[in-house]
DNA sequence: AACGTCACCTAC
DNA sequence: TAAGGTAGGTGACGTT
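Residue numbers (UniProt numbering): 1 to 961.
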């Protein structure tokens with residue numbers, strides 16, 4: 001039930017000082033390892049170029065303006081000519097948006113005025129760019145037809161709605177004359193609540209453009225009168241669906257799927273060729289929306305086109321101690337690397353520098369005397385390379401905003417056209433994104449049509465829990481590699497030096513562009529995100545710019561459409577929280593016997609499937625009587641809510657979940673068989689996406705500030721969960737007893753949400769596993785499929801400190817050797833503790849669990865503290881950063897506090913602690929151990945918290961035996 | 001000393 | 001306009 005990958009693993013053996021000294025030495029080596037790596041690329045290129053008979057220059061003279069013949073590799077491959085009458089056009093779609101434009105003759109849809117046109121960007125198997133304009137699709141929403149409505153009134157309704165919408169517009173810049181394109185009667189059913197399959201007449205209202213949906217919805221809601229019908233409020237349905245999602249759902253297109261335009265059905269756009277850069281868009285085509293074929297991501301259609309991924313990094317010459325400001329400080333270098341998705345090395349490596357720069361083997365250096373020229377040329381470089389994906393580190397909130405603002409300050413007017421559609425200016429906007437999950441986050445956005453911005457920092461913030469998110473720390477964590485050693489403070493000095501110092505800066509800059517590419521590859525971001533887009537049906541860009549809900553909405557709409565169900569618009573209002581899961585009161589202690597752990601797999605999804613919980617099966621108050629349902633037709637959940645059984649109607653959510661979970665099983669089975677490592681990655685990405693998607697369905701129903709909250713579902717789910725964990729405890733404890741012939745009386749010593757930890761009274765891991773497997777199977781038989789209890793692991797020994805805080809040796813694959821030491825909730829896995837504390841506790845836990853020597857743990861803790869007291873440990877990295885100032889009067893009766901920081905290569909841990917010489921620091925309110933603080937030894941105080949924990953763990957009576 | 005509230009981060 | 005959920009440990013800090 002946790003979807004975020006945890007990579008905050010403790011600093012295993014990670015005395016930061018030691019590593020620091022070593023790497024510092026490496027950094028001074030010249031040339032750096034990275035430079036060698038770069039030159040290797042060059043050798044590979046030379047071979048390739050010899051075959052092609054072309055080579056790029058190493059250094060371009062200062063002042064030479066950009067042109068495409070600088071390096072022929074920058075451009076996309078030459079596209080073969082396409083004949084729309086005889087060739088199908090097939091491409092993988094990567095992004096999609098819409099714009100308002102003039103209708104194109106011969107295409108379906110409105111012909112007058114501005115019409116919404118979907119624009120789909122993609123790449124062919126050969127790596128050619130496609131921009132597909134899709135015509136004839138208009139936005140719409142539903143309202144229930146008023147009673148007595150017949151088709152005779154459609155015109156009245158349409159005319160009157162059109163008129164009030166027009167009147168409602170404050171200005172009519174686009175000179176719109178028709179707002180309502182069409183009103184039709186359709187047979188639909190409200191998906192919220194079971195009403196006995198009451199299919200009703202709905203009015204499907206098609207508007208001329210997406211932004212007219214909201215006012216039309218509002219006017220109908222507020223009260224609308226037409227023809228002979230009285231003034232009344234109309235409940236809107238599906239009026240809050242993004243236009244892109246609406247289109248994708250209706251045309252069965254999912255994110256990153258392959259799209260085929262059949263011959264004879266599409267038209268090439270005539271482009272007046274003004275410059276040779278035009279060859280980048282061979283594939284500008286028009287097509288009617290019903291003519292496009294979308295291929296489900298199966299078989300051959302799982303492949304990924306050779307997308308171009310560009311990573312870049314900029315350097316600015318900031319003033320001493322001041323963060324660079326775009327209106328004052330220049331951009332001095334931009335490094336870029338371009339790689340094709342699926343290949344292992346970047347095939348373009350460039351640095352644009354201000355002033356001369358000595359050559360770097362393996363990369364092309366372009367020098368400029370004017371910053372304006374540098375910026376403009378880089379923008380042209382970007383447009384020529386025409387990347388499908390742009391990555392980098394914090395490009396979204398730093399590099400791109402800085403470049404745009406700098407270009408504006410220098411009036412480089414041709415700079416801010418960075419998208420794949422010429423003529424659209426890239427503009428910087430502020431965006432606030434807020435969620436309980438991620439807190440408030442202020443972000444900037446830049447529109448860049450057709451290019452997916454894949455800021456690696458944003459990916460990491462979303463998907464990984466890390467102690468530090470600097471590029472250096474992240475690279476070290478995932479790649480065991482670090483940035484080139486250049487301090488921010490000397491960047492300006494390097495720039496103002498000579499071509500050798502600027503070269504050093506360029507190597508640094510190149511590495512900062514290279515690391516994001518490496519990380520992207522290592523973490524398989526592109527593959528995993530594509531699979532997520534395919535599974536949930538949303539565009540790739542949504543996955544980084546939007547929350548979790550949109551993914552469920554997309555799936556829900558797709559499933560609902562098949563059954564003519566429509567989704568109501570609900571007003572979002574926060575309400576009372578509902579009760580969640582049970583955490584069994586732990587029998588705290590140290591267990592030197594095997595503890596078996598049994599888990600319900602995918603608990604919440606399986607509850608929803610087993611009991612058919614859904615919007616469409618919910619019986620609202622009074623429905624049972626109204627519909628005359630008999631007791632066999634429905635169930636009552638532990639929270640008293642009622643749902644019809646699947647024999648009456650199968651719910652949408654259970655269907656979605658079944659599809660997701662069977663697809664996951666299939667993916668896992670294929671994964672086992674697959675030998676091609678690349679296809680394996682795709683499949684693994686898919687099974688992960690499927691799991692995450694299944695788990696977020698429950699959260700969606702409980703999201704009270706959401707698109708379609710339904711607390712009856714979510715509280716029933718947790719209600720069943722509570723009942724099940726309780727029942728599991730009872731079942732296990734009742735069957736596995738001495739009186740039934742087992743070795744001991746089973747006792748559930750702990751459990752959280754979907755798991756129980758059982759002391760079975762056996763003495764070996766093997767027995768604990770065998771009985772565990774049998775027990776899981778036996779307990780499962782008491783529940784409705786697909787609910788299933790599984791044996792997961794044995795802990796031996798097991799240290800249960802508190803609710804959500806425990807540690808143990810983890811046995812799963814073998815009964816003979818433990819797989820790992822598993823720590824949950826303890827300081828070692830928390831990011832709000834300094835590494836000193838985490839490391840010490842980790843070592844102590846190893847002493848306790850692996851060496852089985854609790855006294856040794858205490859001794860170790862004491863030793864470390866004693867070492868600190870006697871300055872036997874290098875504490876040069878421990879520095880007092882701030883004395884919290886208080887006046888003498890304020891000191892009266894209070895303690896002074898000192899803030900202390902432990903510096904590590906990656907970050908600075910701050911701890912405030914009381915500073916009172918010779919006092920005993922005692923937190924007896926919680927019955928903890930105490931230790932005394934010696935005068936003037938600040939670091940001792942830092943360790944007080946450690947001692948408290950170690951003492952609590954080790955000196956408690958239960959650990960002594 | 002006892003207790004409540006908050007921020008933070010984790011377990012599911 | 002957009003935003004997955006609840007349970008719960010722990011330390012800092014303020015009030016009584």
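Where is the CB? At the ideal position from N, CA and C, for every residue including glycine.
Since the model is a prediction, treat every value here as computed from it, not as a measurement.
Asked	Found
Less than 8 Å between the CB of residue 222 and some heavy atom of the ligand COA, yes or no?	This structure does not include the ligand COA; it has no bound ligands of any sort.
Is DSSP giving residue 192 helix, strand or coil here?	coil
Using a threshold of 9 Å, state whether the C-beta atoms of residue 748 and residue 735 are closer than that.	no
With H, G and I counted as helix, E and B as strand and the rest as coil, what does DSSP make of residue 614?	coil
So, at 7 Å on beta carbons, what are the nonlocal neighbours of residue 341 in its own chain, with the 5 sequence-adjacent residues on each side left out?	304, 306, 307, 309 and 526
Using the C-alpha atoms, what's the distance from residue 355 back to residue 500?	11 Å
So if DSSP puts residue 751 in a beta bridge, which residue, or which two residues, is it bridged to?	584 and 756
Give every residue of the same chain whose Cβ lies closer than 8 Å to the Cβ of residue 108, excluding the five residues on either side of it in the sequence, and list them in chain order.	135, 136, 288, 289 and 290
Suppose only complete runs of 4+ residues qualify. What are the alpha helix (DSSP H) ranges in the segment 225 to 291, listed by chain order?	243 to 251
Does the beta-carbon of residue 395 have 16 or more other beta-carbons within 10 angstroms, so that it is buried, or is it exposed?	buried
Could you check whether residue 236 and residue 717 sit closer than 9 Å to each other, using their CB atoms as the reference points?	no
Quick one: what does DSSP say residue 739 is sitting in, helix, strand or coil?	helix
Looking only at its chain, what residues have a beta carbon closer than 8 Å to the beta carbon of residue 1046, apart from the 5 residues adjacent to it on each side?	Residue 1046 cannot be examined here, being either before or after the span of the chain that is shown, 1 to 961.
Helix, strand or coil: how does DSSP classify residue 962 here?	No answer is possible for residue 962: it lies beyond the span of the chain, which begins at 1 and ends at 961.
Grab the span of the alpha helix (DSSP H) containing residue 790 for me, first residue to last.	No alpha helix (DSSP H) contains residue 790, which is instead part of the beta strand (DSSP E) from 789 to 802.
Return helix, strand or coil for residue 644, following the three-state DSSP convention.	strand
Which two residues bound the contiguous alpha helix (DSSP H) that contains residue 294?	First-last for residue 294: 293 to 295, but that is the beta strand (DSSP E), not the alpha helix (DSSP H).
Enumerate in chain order the residues of its own chain whose CB-to-CB distance from residue 574 is below 7 Å, with the five nearest sequence positions on each side excluded.	704 and 705
Alpha carbons only, please: which of 639, 660, 316 and 810 is nearest the one belonging to residue 824?	810
Hey, how far is the Cα of residue 279 from the Cα of residue 676?	Unreliable placement is indicated for residue 279, whose pLDDT of 39 sits below 50; no coordinate value is reported for it.
Grab the span of the beta strand (DSSP E) containing residue 391 for me, first residue to last.	389 to 392
Which ranges would you report for the alpha helix (DSSP H) in the segment 635 to 712 if only whole runs of at least 4 residues count?	652 to 673 and 677 to 702
Pull the bridge partners of residue 161 from the DSSP assignment, please.	Partner(s): none; residue 161 has no beta bridge.
Does residue 230 pass the burial test, meaning 16 or more other C-beta atoms within 10 Å, or should it be called exposed?	exposed
Smallest Cα separation from residue 490: which of 373, 480, 475 and 508?	508
Around the Cβ of residue 223, are there at least 16 other Cβ atoms within 10 angstroms (buried) or fewer (exposed)?	exposed
For residue 494 and residue 548, what's the separation of their Cα atoms in angstroms?	45 Å
Can you give the Cα-Cα distance for residue 642 and residue 603, rounded to whole angstroms?	20 Å
Output yes or no for whether 9 Å exceeds the beta carbon distance between residue 777 and residue 597.	no
Based on the DSSP output, what are the partners of residue 968 in its beta bridges?	Nothing can be reported for residue 968, as the shown portion of the chain is limited to 1 through 961.
In its own chain, which residues sit with a C-beta less than 6 Å from the C-beta of residue 605, not counting the 5 before and 5 after it?	657 and 694
Who are the near neighbours of residue 775 in its chain, counting only those whose CB is closer than 7 Å to its CB and skipping five residues on each side?	598, 732 and 736
Roughly how far, in whole angstroms, is the beta-carbon of residue 333 from the beta-carbon of residue 314, given that I think they are within contact range, below 8 Å?	7 Å
From residue 798 to residue 595, what does the alpha carbon distance come to, in whole angstroms?	7 Å
The alpha helix (DSSP H) that contains residue 550, what's its start and end?	549 to 562
Please state the DSSP three-state secondary structure of residue 308.	strand
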